[in-house]
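Residue numbers (the numbering used here): 525 to 1715. For each residue, glycine too, the CB sits at the ideal point set by N, CA and C. The structure appears below as structure tokens.
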């Protein structure tokens, strides 16, 4: 059974929602393990739970469905299954329990559900709950199930119960005698008396029943029904006779006649035509005029109440159906006035059917009656014209009736019956059948729409796009159903002409989180190469829209309960783009001159490249991203070139009124990064070569077509630039302007644009971006070196351009005249400039990385401080502002230049903010294998620390060397001579740590350059030193240059001590300070022990008898140890807080420790993560906050 929407009630809608989620969330359970005591106690807890299914609980269960796992307690899982309608799981878990416990839980479910009449339970849920009974149903359970069904079903919906029971379930209905007896008792308890009669045994079988209680129950029911029927028959006959007699009299006023007619109409609503037939026949024969008056009165009553409540209108349809069927059996309805009456009654029914169908297509809006909506599909089909009534209708009314009957069947969601009716109509009215086939597709789509009804969405505050997850099984079933119907319509020659409806139906039937499969598309629409142009582009454009939006969103995947990882989502979307492009190529195989398809492929490839470059779902090497991005864009240009060539070949066959620049405009927009679906890639640079190809293709058009097309394109581009309601993005404006002039520079319309370009060019004439190598331009293959990026500019431009804005991610204050905030611009596009960009500095960093990454390994980029000052340059009136220092290493010896790097300069013109891109010239470079001179470095300082704290224990010696320099610190072997140290102690390992680090970019000294740092740890073998019988002088490595300042230090106890010389004396017995005491290897003689004891005793007496000296020093305090770092950055403050948190001197309380941990986490995220960096003021505030706690 297909999932259909909108459903009849809120409870039914939530039941369907839960059912769909359960199909996704629940996986086939493994073989259950034997129940242990803990599990059994959890199941027993269910007796303390409330088994209810109100809408909030169902929605809550749905939200938790995706997180259910084996660690969830079994009672919680059981409740989840109950609320999600996973009845197979409920039945399976009840089967695991001891029979008594299972029965108690089952009875509690029934009792709890019966406590409330309004429950989110469908008929399918109720019948599945019956089948989940552990064992056989008891008499009490049969009675409760009947009452439960009466709560679930409305009085007029017994039809659905009859249909389900006729097919049979595990416990009810079908043909099994025992099940039928059980079903009859259940229906009697639920008040479904008419349906119960169809399951009662006949008199002979009833007499043979062995269970006396059951036999007595049935006999009492039948006796009561017979007595009620007899009484009703007598009463109806009496009322009928009285009113017929009244209408037969000549002297009866109109009010009495109307009253009598209404009474007869009520009888017709209750009594079958076979009962009324004899009396009505006599009435027609004996009193024909009165009969005509009665029929006319009833018809007028129905017409007058056409806007009454649905219940009144349904009763009227019932009465007129009874009357019409009586008439066609008793009179010649082809003669007047009877032919008019049967036509009017048929048209009344047609109007109700069409109103109901219109309401369904409008998503449930009220269509008919001020106080209510339209009639249900069941009522319409029950009281529809049939048999001789239909045969008596004229051709025009008969055709309208056939269409209305198909619509009524669609309202009832009986698509098989509707298709048969449409096929039957196609034999008489093919065009009407085609229209009905299109209505069929729309109704089918509405029934399979997984979006929640609006009233439920608003009631629970759900997002507008909330949809019920469509499982793979449901999706396959939906596609099979739609494909079968389309096949039937094609075979009958009545396939829908409006294929937009078919594509919409296909999309709704599909999972919101799944990319279309080609096999499914061909199953519904046919082979891709054979599709018409209209159908193909409807499908392709829908796929492109979904690929650029919903399919790629992780939240869509989570809402669809697909359990895809981000990487799997990326793979699905990439495969979707590849499949769409493959479909275009298949379709183009027989249509090589389809300019529209070629242009579509070009736009698709451009969008695909942007997606792979900007996506953050799957990790990808930056180089691979860039290569894939460039490859997609090159392929895009090829398709666009083929498209404009195809258009040029076709233009001779076009009238001037049919000329179009859509393909050329699409190519132009793609080159500027404007995607087909509104996405905007601001990272694209101006491609003059491709723009020139657009111009060439326009100029190559024959005759006057060239000038006409150029003028058309110029008008469109100029209008877009002048659009003030949705202005171009400020980063796109200049490129759009300059690109428009490249393509349409000779057109009169573009003359005004040239003034704007001249203004921008004048600005650029006062600015030059440049790069230079930090030191000689000859570098080694494996040597790290620096590239300085700076801007040469006039003094006036330095004041105007505000270069500091490119050195920070903070946006400048957006204020207008008088200090008032500027109004926000409306933007119709979604801009993307770079991955993880938080501002102008990040944009600049991304541009630098993208430019250099193909040739260099970019180790780090260090920016100048935002308050950087310009430096004088060699050119009078010009200055230089240094922006960044880039530490790189050439990829190989083939690199011979530093490529151009770009900078987007931001200005203000009369149209608002504008960004003008500029780039540097190439800088020549020589990468040389073998030895090369080290990079320039001044003020080199080396701090050597020998750690002897473990020497006495295990002979371990470590030498830590920290070097800093203005410039780049050389390699260790070029900086220090390790040979004297190696002669004394073997060097086991040299650890370089992070390598060369750039701490800051100095722009205020005599020379611009980096402040760098290196750290090495050298592990030495101290065992040979311990084995010697004499002290050993351990030398520190000497500097190879006299300009290097060296400081030596070692540990004395746990404190560092600066040494006056470049060595440490280590001895087995007597050591230098901080080296520790090492016991001798020989056996100590006895006299040494005696001498030592005498010395110790004398020392103790001296200490006891000496005069009291000055007081002992004060204990160490936290405020003496922890100070504000001299250089405030993220590293220093984090290190300070970590030391304070680990120190016993702080004596922090538990809440204070938690707060300190939170501050540490915030600092690390801000300074070393993707979040915006903290300012120096913020870092100082955090540090001072904790220093105040130091006592």
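Given residue i as reference, the closest of the options once Cα atoms are compared
i: residue 632; options: 946, 767, 573 and 608; result: 573
i: residue 1394; options: 1424, 1076 and 1320; result: 1320
i: residue 1120; options: 1061, 1158, 1107 and 1143; result: 1061
i: residue 1429; options: 1418, 1322, 1467 and 1474; result: 1322
i: residue 1557; options: 1547, 1508 and 1128; result: 1508
i: residue 1432; options: 1254, 1273 and 1154; result: 1254
i: residue 1220; options: 1135, 1172 and 1181; result: 1172
i: residue 1284; options: 908, 1440, 1019 and 747; result: 1440
i: residue 515; options: 1055, 1168 and 1046; result: Examination of residue 515 is not possible in this model, given that the chain is present from 525 through 1715 alone.
i: residue 1306; options: 566, 898, 1577 and 1411; result: 1411
i: residue 669; options: 660, 653, 682 and 658; result: 653
i: residue 1535; options: 1024, 1493, 1541 and 1559; result: 1493
Collapsed DSSP secondary structure at residue i in the structure displayed
i: residue 1006; result: helix
i: residue 1714; result: coil
i: residue 1467; result: strand
i: residue 1384; result: strand
i: residue 546; result: The predicted position of residue 546 is uncertain, since its pLDDT is 40 and thus under 50; no value can be drawn from it.
i: residue 1183; result: coil
i: residue 611; result: helix
i: residue 1431; result: strand
i: residue 725; result: coil
i: residue 783; result: helix
Residue i - containing beta strand (DSSP E), residue span
i: residue 1317; result: 1308-1318
i: residue 1402; result: 1402-1414
i: residue 1291; result: 1291-1297
i: residue 1575; result: 1569-1576
i: residue 966; result: Per DSSP, residue 966 belongs to no beta strand (DSSP E); it is in the alpha helix (DSSP H), 954-971.
i: residue 1273; result: Segment: none, residue 1273 is in no beta strand (DSSP E) and carries neither H nor E.
i: residue 1136; result: Segment 1119-1138 is the alpha helix (DSSP H) holding residue 1136; no beta strand (DSSP E) there.
i: residue 734; result: Residue 734 -> no beta strand (DSSP E), and no H or E assigned at all.
i: residue 1302; result: 1302-1304
i: residue 1436; result: 1436-1443
i: residue 1116; result: Counting along the chain, residue 1116 falls outside any beta strand (DSSP E), and DSSP gives it neither H nor E.
Classification of residue i by the beta-carbon crowding that lies within 10 angstroms, buried from 16 upward
i: residue 1516; result: exposed
i: residue 1453; result: exposed
i: residue 1396; result: exposed
i: residue 1346; result: Per-residue confidence for residue 1346 stands at a pLDDT of 41, beneath the threshold of 50, marking its modelled position as unreliable; no derived number is given.
i: residue 1710; result: buried
i: residue 1528; result: exposed
i: residue 695; result: buried
i: residue 1312; result: buried
i: residue 1295; result: buried
i: residue 732; result: exposed
i: residue 665; result: buried
Range of the contiguous alpha helix (DSSP H) that encloses residue i
i: residue 1374; result: 1364-1376
i: residue 1218; result: 1212-1223
i: residue 1101; result: 1090-1112
i: residue 823; result: 812-828
i: residue 1065; result: 1057-1071
i: residue 914; result: 912-915
i: residue 1452; result: Residue 1452 -> not in any alpha helix (DSSP H); beta strand (DSSP E) instead, spanning 1450-1452.
i: residue 1196; result: From DSSP, residue 1196 is part of no alpha helix (DSSP H); its letter is neither H nor E.
One or two residues paired with residue i in a DSSP bridge
i: residue 1699; result: Answer is none; residue 1699 lacks a bridge partner.
i: residue 1515; result: 1541
i: residue 667; result: DSSP lists no partner for residue 667.
i: residue 1535; result: 1490 and 1524
i: residue 1582; result: 1573
Near the ligand GDP: residue i beta-carbon under 7 Å from a heavy atom
i: residue 1144; result: Annotation note on the ligand GDP: not contained in the displayed structure, which lists no ligands.
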